[in-house]
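Under the working numbering, the first residue of the sequence shown carries the number 9, and numbering increases by one thereafter.
Just so it is clear, CB atoms sit at the ideal spot from N, CA and C, and this is done for glycine as well.
Report on the following structure.
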Amino acid sequence: MDHVAVELRDLIVHLLVAAGAGFLIGLEREYAKRIEEDDRQLAGVRTHTLIAIAGFLTALLSDRYGAWVFAAGLLGLFALVVASYTMIARGGSYGGTSEITSVITFLIGATVHSGNILFALLLTVVVILLLSFKVTLHRFAGTLDPQEIRAFAQFIIISALMMPFLPDRPFGPYAAWNPREIWTMVVLVSGISLAGYVLMKVLDRGRGTVWTAVLGGLVSSTAATLNFSRRSHQEGERAKERMAAATLTACTMMFPRVLLIVAVTALTTGRALALGVLLVTVAGAVVVVPQLRREWKDGGEDAPTRAVGNPLNLRLAVQFALLYAAVKWLVAFANARFGDTGVYVAGGLSGLTDVDAICLSMARMVREGGTLSLAVNVMMLAMLSNTLVKFLIVVFVGARGMWQRVLPGFALLFVTGLAWLVVRLLI
C-alpha cells in the first residue's frame, strides 16, 4: 500500500509539473495576444495547459499500450496545428510561432513523464524567454549588416571548426605551449567582443559594456582588460570613463570567480580564502559601483553611435594569444628552476598569465595533505600579480589618460589584498 501511495504521489507531482509548464507558456501567449491585439492565435492559457497534460498522458499510456499511443497523440496535434495555420494564413498572417509552441508544449509534457523534470523546466524557461523577447530579437536582427553577419560566421569558424584540428598536447621549451589551449584563449577574446557587441545592440546606447565587464570578469578578466583597453582608442573621450569602469568591474569580478573555483575543488581552502576575497571585492565595489551607476543612468548618450567595426577583433585576439604563450613559457621556466621550494615564486609568476592553474594546483595540494596557509597565501599572491599585469595592460594598450582613470581602483584592490596577505604572514 505504501509503495502504491508513493507511485501515486510521484505521478500527481509530475502531472502538476507538466500542467504548470503548459500554464506558464500559455500565460505568455495570452499576454502576447493582448499586447499584439491578435485574436487569431491557436492557444492561450487553458489550451496550452491541456496540451501539456495531453503530452504527459499519452506518454504515460504509451508505457502500457505501446508507443503508438504517443505517436497518435502527436499526429493528432499536428493535424490540429496544420488546420489552424491554414485558417490563419488565409487571413494574411503567416507567423507560425504559436503553432510550433503548441507542439513543444506537448513534448514538454511527455518529457516530464520520462522523469527529466529539470530538463523540461529548463526547456520551458528557454521557450518563454524566446517568446518574451520577440521585439528585442527582431530589433537586433534588423540592425545587423553584412559585415556583422560575417563576424558571426568568423566566430563560429574559430570556435567550432578550427578547435578540433589543433593538437591537445604540450610542446616547445619546458612543454609550455599547448596549441588548443592557446587557441581557446583566442576564442575567449573573440567571444567577449561578440558578447559586448550583441548586448550593446540589444540594450542600446552603450549599456552593454557593463554586462560585458561582468561576463569578462567571470570568464577571463585579463582578456576583458585587453579588450576594453583597445576599445578605448576607438570610442570618444567620454567613452573612456565607461571603458575604465568596465575594466575595474572585470578585474574585481576575478576575485569571487577564483573563490568559487577553489571552493568547488576544496571547500576548506575556499573558506580560508573567503575573507581576503571578500575584502578585496568590497574595496573594488567602492570604486566601481558609483561609476557604473552613473554610466547606466547616462545610457551612453555621449558615446559615439557609429559602428566600431568587426566586433570580434581577431587581430587583438591573436595578439593576446601570443602574449599568453610567452608568459606560459616564463612560468614553466620558473617552475623548472625553483622546483617545489619556489612555490611563492611560481605562484607570483603563474598569476602573470592565469590564476586558475596555480589556484587549482594549490587546492589539490591541500586535499592531498599540503599546508593550507601556504596554499591560500600563494593564491592571493597569484591574484595580486595578475591584477598588476592587468594594470600594465591598461598603461601600454589603453588610450592616453585611461591608466589615470583606473589607477585609484587598481591601487585599492592591490593594497587591500596585499595588506591581508601581510597580516596572514605575520600572525
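query	result
Segment contact, 8 Å Cβ cut-off, at least three pairs: the region 409-419 with the region 385-393	no
Counted within 10 angstroms of its Cβ, other Cβ atoms place Leu130 as buried (16 or more) or exposed	exposed
Endpoints, alpha helix (DSSP H) assigned at Ile401	Leu380 to Val405
Pro312 to Ala293 span [Cα, whole Å]	Since pLDDT at Pro312 reaches only 40, below the 50 mark, its modelled position is unreliable, and the value read off the structure follows with that caveat. Going by the C-alpha atoms only, they are around 27 Å apart.
Buried/exposed call for Trp76, threshold 16 Cβ in 10 Å	exposed
Nearest candidate by alpha-carbon position, reference Gly81, set Cys259, Leu357 and Thr66	Thr66
For Phe78, three-class secondary structure by DSSP	helix
Rounded straight-line distance, which links the Cα of Ala365 to that of Ile190	14 Å
Cβ pair Ser110, Val89 closer than 8 Å	yes
Which listed residue (Ser393, Leu382 and Thr260) has its alpha carbon closest to that of Leu434	Leu382
Whether Phe114 touches Leu69 by CB criterion (8 Å)	no
Rounded C-alpha distance that separates Leu32 from Lys142	17 Å
Euclidean distance between Cα positions of Glu38 and Val120	23 Å
Limits of the alpha helix (DSSP H) - the one that Met261 falls within	Ala247 to Thr273
Helix, strand or coil at Phe141 [DSSP, three-state]	coil
The region 226-237 in contact with the region 275-284 per 3-pair CB rule at 8 Å	no
Test item: CB-CB of Gly74 and Ala26 under 8 Å	no
Span separating the alpha-carbon of Pro172 from that of Leu139	34 Å
When His56, Ala333 and Thr105 are compared against Leu360, the one with the closest alpha-carbon	Ala333
Whole-angstrom distance between Asp176 and Ser122, CA atom to CA atom	38 Å
Same chain, Cβ closer than 6 Å to Ile35, five either side skipped, listed in chain order	Before going further, note that residue 35 is Leu rather than Ile in the sequence given. Val53.
Gly30, buried or exposed, once every other Cβ within 10 Å from all chains shown has been counted against 16	buried
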